[in-house]
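Visitor: The working numbering puts the first residue of the sequence shown at 53, with every later residue one more than the last.
The beta-carbon is built from N, C-alpha and C at its ideal position, and this holds for glycine as well.
I have a structure here, written as C-alpha coordinates, and I will follow up with some questions on it.
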Amino acid sequence: DHLDLHAGVRALAREEQATRSMIDLVRFALLEVGLVYFVTMSAIFSPLRRVLARVAFLRSLLYCASCVGFWVGAVLYFAGFTPDAFAIVPTQSWIQAAAVSAFAGMAVANIWHLALYRGGNDAFEDEQQQPQHHEEQEP
(Lines of atoms letter the chains of each structure in order from A and count residues from 1; the text may use other names and numbers.)
(Lines give C-alpha, C1' and ligand atoms only; values in the text may rest on other atoms or scores of the structure.)
Protein backbone atom coordinates (compact mmCIF):
# COMPACT_ATOMS: atom_id res chain seq x y z
CA ASP A 1 0.00 0.00 0.00
CA HIS A 2 2.81 2.38 0.91
CA LEU A 3 4.56 1.82 -2.45
CA ASP A 4 1.29 2.23 -4.33
CA LEU A 5 0.73 5.59 -2.63
CA HIS A 6 4.19 6.84 -3.65
CA ALA A 7 3.69 5.60 -7.22
CA GLY A 8 0.33 7.37 -7.33
CA VAL A 9 1.83 10.63 -6.06
CA ARG A 10 4.64 10.43 -8.65
CA ALA A 11 2.10 9.77 -11.41
CA LEU A 12 0.05 12.77 -10.32
CA ALA A 13 3.17 14.95 -10.27
CA ARG A 14 4.07 13.84 -13.83
CA GLU A 15 0.52 14.53 -14.97
CA GLU A 16 0.58 17.97 -13.35
CA GLN A 17 3.92 18.75 -15.02
CA ALA A 18 2.55 17.66 -18.40
CA THR A 19 -0.51 19.87 -17.90
CA ARG A 20 1.68 22.84 -16.97
CA SER A 21 3.86 22.25 -20.03
CA MET A 22 0.80 22.19 -22.29
CA ILE A 23 -0.54 25.39 -20.72
CA ASP A 24 2.89 27.02 -21.19
CA LEU A 25 2.92 26.00 -24.87
CA VAL A 26 -0.57 27.39 -25.44
CA ARG A 27 0.34 30.60 -23.59
CA PHE A 28 3.48 30.97 -25.72
CA ALA A 29 1.54 30.39 -28.95
CA LEU A 30 -1.21 32.85 -28.00
CA LEU A 31 1.28 35.54 -26.99
CA GLU A 32 3.24 34.93 -30.17
CA VAL A 33 0.21 35.15 -32.46
CA GLY A 34 -1.21 38.17 -30.66
CA LEU A 35 2.02 40.15 -30.74
CA VAL A 36 2.80 39.23 -34.35
CA TYR A 37 -0.70 40.29 -35.41
CA PHE A 38 -0.37 43.51 -33.41
CA VAL A 39 2.88 44.48 -35.12
CA THR A 40 2.22 43.25 -38.67
CA MET A 41 -1.48 43.85 -39.23
CA SER A 42 -3.35 45.73 -36.49
CA ALA A 43 -4.97 49.09 -37.08
CA ILE A 44 -3.72 50.32 -33.69
CA PHE A 45 -0.08 49.83 -34.70
CA SER A 46 -0.66 51.18 -38.22
CA PRO A 47 0.50 54.80 -37.61
CA LEU A 48 3.79 53.68 -36.05
CA ARG A 49 4.22 50.95 -38.67
CA ARG A 50 3.84 53.56 -41.44
CA VAL A 51 6.46 55.81 -39.90
CA LEU A 52 8.92 52.98 -39.32
CA ALA A 53 8.24 51.53 -42.79
CA ARG A 54 9.89 54.56 -44.37
CA VAL A 55 13.16 52.75 -43.71
CA ALA A 56 13.42 50.03 -46.38
CA PHE A 57 14.85 47.38 -44.03
CA LEU A 58 12.11 47.96 -41.46
CA ARG A 59 9.40 47.92 -44.14
CA SER A 60 10.32 44.36 -45.00
CA LEU A 61 10.46 43.40 -41.34
CA LEU A 62 7.24 45.05 -40.11
CA TYR A 63 4.92 43.32 -42.57
CA CYS A 64 6.59 39.90 -42.38
CA ALA A 65 4.99 37.46 -39.91
CA SER A 66 8.07 35.20 -40.01
CA CYS A 67 10.46 38.05 -39.28
CA VAL A 68 8.40 39.55 -36.48
CA GLY A 69 7.66 36.05 -35.16
CA PHE A 70 11.37 35.34 -34.80
CA TRP A 71 12.02 38.50 -32.81
CA VAL A 72 8.87 38.12 -30.71
CA GLY A 73 9.97 34.58 -29.83
CA ALA A 74 13.33 35.93 -28.69
CA VAL A 75 11.66 38.67 -26.62
CA LEU A 76 9.33 36.10 -25.03
CA TYR A 77 12.40 34.09 -24.00
CA PHE A 78 13.97 37.11 -22.27
CA ALA A 79 10.60 37.98 -20.69
CA GLY A 80 10.43 34.49 -19.16
CA PHE A 81 7.61 33.08 -21.28
CA THR A 82 9.54 30.15 -22.75
CA PRO A 83 7.68 26.88 -22.16
CA ASP A 84 9.41 24.09 -20.25
CA ALA A 85 8.68 21.88 -23.25
CA PHE A 86 11.46 23.70 -25.15
CA ALA A 87 13.89 22.02 -22.75
CA ILE A 88 13.74 18.91 -24.94
CA VAL A 89 16.20 20.73 -27.20
CA PRO A 90 19.55 20.58 -25.40
CA THR A 91 21.15 24.02 -25.10
CA GLN A 92 24.49 24.98 -23.66
CA SER A 93 23.92 28.72 -23.24
CA TRP A 94 21.26 31.37 -23.00
CA ILE A 95 21.87 32.39 -26.62
CA GLN A 96 21.02 28.89 -27.81
CA ALA A 97 17.91 28.83 -25.62
CA ALA A 98 16.87 32.22 -26.98
CA ALA A 99 17.40 30.92 -30.53
CA VAL A 100 15.17 27.90 -29.83
CA SER A 101 12.45 30.25 -28.58
CA ALA A 102 12.93 32.59 -31.55
CA PHE A 103 12.69 29.82 -34.14
CA ALA A 104 9.70 28.30 -32.35
CA GLY A 105 8.08 31.73 -32.44
CA MET A 106 8.77 32.03 -36.14
CA ALA A 107 7.22 28.60 -36.73
CA VAL A 108 4.08 29.50 -34.75
CA ALA A 109 3.76 32.80 -36.61
CA ASN A 110 4.19 31.08 -40.00
CA ILE A 111 1.59 28.41 -39.28
CA TRP A 112 -0.91 30.99 -38.00
CA HIS A 113 -0.30 33.41 -40.86
CA LEU A 114 -0.45 30.81 -43.60
CA ALA A 115 -3.53 29.12 -42.14
CA LEU A 116 -5.53 32.31 -41.72
CA TYR A 117 -4.16 34.70 -44.33
CA ARG A 118 -2.54 32.35 -46.86
CA GLY A 119 0.65 34.36 -46.70
CA GLY A 120 -0.91 37.70 -47.62
CA ASN A 121 -0.98 40.84 -45.53
CA ASP A 122 -3.91 43.19 -46.09
CA ALA A 123 -2.29 45.87 -43.92
CA PHE A 124 0.74 45.94 -46.22
CA GLU A 125 -1.41 46.24 -49.32
CA ASP A 126 -3.66 48.92 -47.79
CA GLU A 127 -0.86 50.99 -46.30
CA GLN A 128 1.28 50.91 -49.43
CA GLN A 129 -1.60 52.13 -51.59
CA GLN A 130 -2.58 55.06 -49.37
CA PRO A 131 -0.46 58.19 -49.52
CA GLN A 132 1.59 58.74 -46.40
CA HIS A 133 1.76 62.52 -46.66
CA HIS A 134 -1.20 64.74 -47.22
CA GLU A 135 0.21 67.75 -48.98
CA GLU A 136 -1.93 70.53 -50.28
CA GLN A 137 -1.77 70.95 -54.01
CA GLU A 138 -1.63 74.41 -55.48
CA PRO A 139 -4.17 75.26 -58.17
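Which whole-angstrom value is the C-beta distance of residue 162 and residue 115, which I expect to be below 8 Å?
Guide: The pair is not a contact, with the Cβ atoms about 14 Å apart (cut-off 8 Å).
Visitor: Going by beta carbon distance, what residues of the same chain come within less than 8 Å of residue 68, once the five residues before and after it are set aside?
Guide: none
Visitor: Identify whether residue 88 lies in helix, strand or coil by the three-state DSSP scheme.
Guide: helix
Visitor: Suppose contacts are defined by Cβ-Cβ distances below 8 Å. Is residue 120 in contact with residue 91 by that definition?
Guide: Result yes, Cβ atoms of residue 120 and residue 91 sit closer than 8 Å.
Visitor: Where residue 128 and residue 134 are concerned, what is the direct C-alpha to C-alpha distance, given to the nearest angstrom?
Guide: Distance between the alpha carbons of residue 128 and residue 134: 6 Å.
Visitor: Within 10 angstroms of its Cβ, does residue 108 collect 16 or more other Cβ (buried), or is it exposed?
Guide: exposed
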